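Take the sequence shown: its letters are residues 2 to 397, numbered as in the numbering used here. Note that beta-carbon positions come from the ideal geometry of N, C-alpha and C, so glycine has one too. Please read all numbers here as calculations on a predicted model, not as lab measurements.
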Amino acid sequence: MRLSKRAEQLEPSVTLAASAKATALKAKGLDVLSLTVGEPDFATPKNIQKAAIAAIESGKASYYTPSSGIPELKQAVTKYIEQNYGLSYLPKNVIVTDGAKFALYLLFQALLNVGDEVIIPVPYWVSYGEQVKLAEGNPVFISCQQEQNFKVTVEQLEAARTEKTKMMILNSPSNPTGMIYSKEELQAIGDWAVSNNVLIVSDDIYGKLVYNGNQFTPIATVSEEIRKQTIIINGVSKSYAMTGWRIGYAVGDETIIAAMNKIASQSTSNPTAVSQYAAVEALNGNQETIEVMRQAFEERLNTIFPRVAAIPGFKLVKPQGAFYLFPNIKETMELSGYTDVNQWVDDLLEEAHVALVTGAGFGAPEYVRISYATDLDTLEEAISRIEKFVVSKIER
Ligand code: PMP
Ligand code: GLU
Numbered sequence: 002m003r004l005s006k007r008a009e010q011l012e013p014s015v016t017l018a019a020s021a022k023a024t025a026l027k028a029k030g031l032d033v034l035s036l037t038v039g040e041p042d043f044a045t046p047k048n049i050q051k052a053a054i055a056a057i058e059s060g061k062a063s064y065y066t067p068s069s070g071i072p073e074l075k076q077a078v079t080k081y082i083e084q085n086y087g088l089s090y091l092p093k094n095v096i097v098t099d100g101a102k103f104a105l106y107l108l109f110q111a112l113l114n115v116g117d118e119v120i121i122p123v124p125y126w127v128s129y130g131e132q133v134k135l136a137e138g139n140p141v142f143i144s145c146q147q148e149q150n151f152k153v154t155v156e157q158l159e160a161a162r163t164e165k166t167k168m169m170i171l172n173s174p175s176n177p178t179g180m181i182y183s184k185e186e187l188q189a190i191g192d193w194a195v196s197n198n199v200l201i202v203s204d205d206i207y208g209k210l211v212y213n214g215n216q217f218t219p220i221a222t223v224s225e226e227i228r229k230q231t232i233i234i235n236g237v238s239k240s241y242a243m244t245g246w247r248i249g250y251a252v253g254d255e256t257i258i259a260a261m262n263k264i265a266s267q268s269t270s271n272p273t274a275v276s277q278y279a280a281v282e283a284l285n286g287n288q289e290t291i292e293v294m295r296q297a298f299e300e301r302l303n304t305i306f307p308r309v310a311a312i313p314g315f316k317l318v319k320p321q322g323a324f325y326l327f328p329n330i331k332e333t334m335e336l337s338g339y340t341d342v343n344q345w346v347d348d349l350l351e352e353a354h355v356a357l358v359t360g361a362g363f364g365a366p367e368y369v370r371i372s373y374a375t376d377l378d379t380l381e382e383a384i385s386r387i388e389k390f391v392v393s394k395i396e397r
């Protein structure tokens, strides 16, 4: 049977593929350290687990829910946005989805016609471009260098703009770079988007994971005009250690949200009921555990950053948020005769049993991504192995 062009042309998620490969090798008994997928190593906090169990035992998690989410959760999202962003929205401005990933998918499906352009700053999170293509839109990539802290400028946006530009994606703190846009930078980008009627897709999923006194400003909070031009994408996966529960959401213009909901109603029907009850507790319940996890990530970052920065030929900027390091390894590769980052990553796995994600999947083939969402002992051991691998390759 011939597959659809859509399926044939789609790239699989490199992050999930790298993680699956590491897991398969571990299952064979190899001592593989996986710094691949962006997934907190912590178990979901107990109060959230208990809320889910209570929802099962009371029977209320047994049924389909409204396709846009249960009213309690939409309420909890509006309250969260009110408290954290200082912005007021109504439940009709919210759709709860199967992870933030599906919120993005629905958004592109709801808004893009054939050939509509979506500006995506590079390095980008792996799924943006592929999801745009699935909706028959055209991703327009703008290359943002390490020297500019990987942040897109208005000049670059303007140079990329055409009559077909419909949206731009902004991911701050960024996966994979960990960079955060300042309020001034957001103001300039937001004003540009408003003047040119470009919708801002603001992926705020790492908004709670910021370190060392850095501040996250959501672009929707910069001005009322910018808020109207923005769809907020967020979810509970990263900050509440709930990746497996699959709950995300989108907040914004009610017509867009309604269109997304129509597509959700004909595809998934609704996000899993029990997960929605768990997410209500995540957003409404005690927030202390998320601060404990944030501090653990901060400690890991501060411990491993100097060691990774000292690996011969690794160049990197200290991340401000999220939980990834994104070193440029061009010099390391040159010193040891590599021309392909994928080969370097494969050899590291094969020879040193450390799994990283190739930068190629993020549009940055001179880079690798190191997730530090794992315990410090594992991180320290993995870095020692990477150091050894790099040195041995250079000396050969
Ligand atoms: N956006 C970014 C930038 C991410 O790193 C992730 C993590 N997979 C997502 C969205 C989607 O997260 P989830 O679907 O687990 O909510
Ligand atoms: N966002 C995570 C990552 O980048 C999860 C994997 C994925 O959804 O692709 O590793």
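In three-state DSSP terms, what is residue i?
| i | result |
| --- | --- |
| P140 | strand |
| K165 | coil |
| V369 | strand |
| V38 | coil |
| E12 | coil |
| P328 | coil |
| K29 | coil |
| P72 | helix |
| T359 | strand |
| N114 | coil |
| T231 | strand |
| S20 | helix |
| F43 | coil |
| T273 | coil |
| G130 | helix |
| V223 | coil |
| Y86 | helix |
| Q157 | helix |
| A374 | coil |
| T244 | helix |
Nearest by alpha-carbon distance to residue i: which of the options is it?
| i | options | result |
| --- | --- | --- |
| A265 | A353, K102, I57, S224 | K102 |
| S173 | K80, K27, T79, T218 | T218 |
| L74 | M169, G286, I220 | G286 |
| K6 | A136, E118, I257, G100 | A136 |
| V141 | Q149, Y129, P313, Q147 | Y129 |
| A104 | A283, P366, A259 | A259 |
| A374 | T244, L284, V252 | T244 |
| M169 | I201, P320, Q296 | I201 |
| L393 | G338, S68, E381 | It should be pointed out that residue 393 corresponds to Ser in this sequence rather than to Leu. Of G338, S68, E381, the residue nearest in Cα terms is G338. |
| F390 | W345, E381, Y65 | W345 |
| N150 | P328, E351, E388 | P328 |
| E468 | Q321, N271, Y241 | In the structure as shown, the chain begins at 2 and stops at 397. Residue 468 is therefore absent and cannot be evaluated. |
| K167 | I121, L187, I233, A353 | I121 |
| G138 | Q157, D254, N114, Y125 | N114 |
| M294 | P313, T16, T45, N94 | T45 |
| T79 | V309, I330, A251 | A251 |
| R386 | L34, S372, S270, L317 | L34 |
| D205 | I220, V275, Y125, D341 | I220 |
| L302 | P313, L326, A280, A62 | L326 |
| A56 | V281, I181, C145 | V281 |
| E255 | Y368, Y90, P124 | Y90 |
| R162 | A283, I190, A310 | I190 |
| K93 | S20, N262, P313, L349 | N262 |
| N343 | F324, E367, A323 | E367 |
DSSP has residue i in a bridge; who is on the other side?
| i | result |
| --- | --- |
| G236 | G249 |
| G322 | V211 |
| T66 | Looking at the DSSP assignment, T66 forms no beta bridge with any residue, so it has no partner. |
| I258 | Per DSSP, none; premise fails for I258. |
| K1 | In the structure as shown, the chain starts at 2 and stops at 397, and residue 1 therefore has no counterpart that could be examined. |
| L171 | S203 |
| P1 | The requested residue 1 does not occur in the structure, where the chain is confined to residues 2 to 397. |
Can you give me the start and stop residues for the beta strand (DSSP E) that residue i sits inside?
| i | result |
| --- | --- |
| D204 | 200 to 204 |
| V95 | 95 to 98 |
Quick one: give me the first and last residue of the alpha helix (DSSP H) that residue i is part of.
| i | result |
| --- | --- |
| P307 | 289 to 310 |
| E148 | Segment: none, E148 is in no alpha helix (DSSP H) and carries neither H nor E. |
| K61 | Where K61 is concerned, there is no enclosing alpha helix (DSSP H), given that its DSSP letter is neither H nor E. |
| M2 | Element bounds for M2: n/a, residue is neither H nor E. |
| D347 | 342 to 348 |
| F217 | Careful: F217 lies outside any alpha helix (DSSP H) and carries neither H nor E. |
| T379 | 377 to 396 |
| A194 | 184 to 196 |
What is the C-beta distance between residue i and residue j, in whole angstroms, given that I count them as a contact (C-beta under 8 Å)?
| i | j | result |
| --- | --- | --- |
| F363 | V127 | 6 Å |
| R247 | T273 | 7 Å |
| T37 | G249 | Incorrect: roughly 21 Å between the Cβ atoms, too far for contact. |
| T340 | F315 | That belief does not hold up - the Cβ atoms of T340 and F315 are roughly 17 Å apart, past 8 Å. |
Measuring only between beta-carbons, confirm whether residue i sits less than 8 Å from chain D.
| i | result |
| --- | --- |
| A297 | Among the protein chains of the structure shown there is no chain D, as only one such chain exists. |
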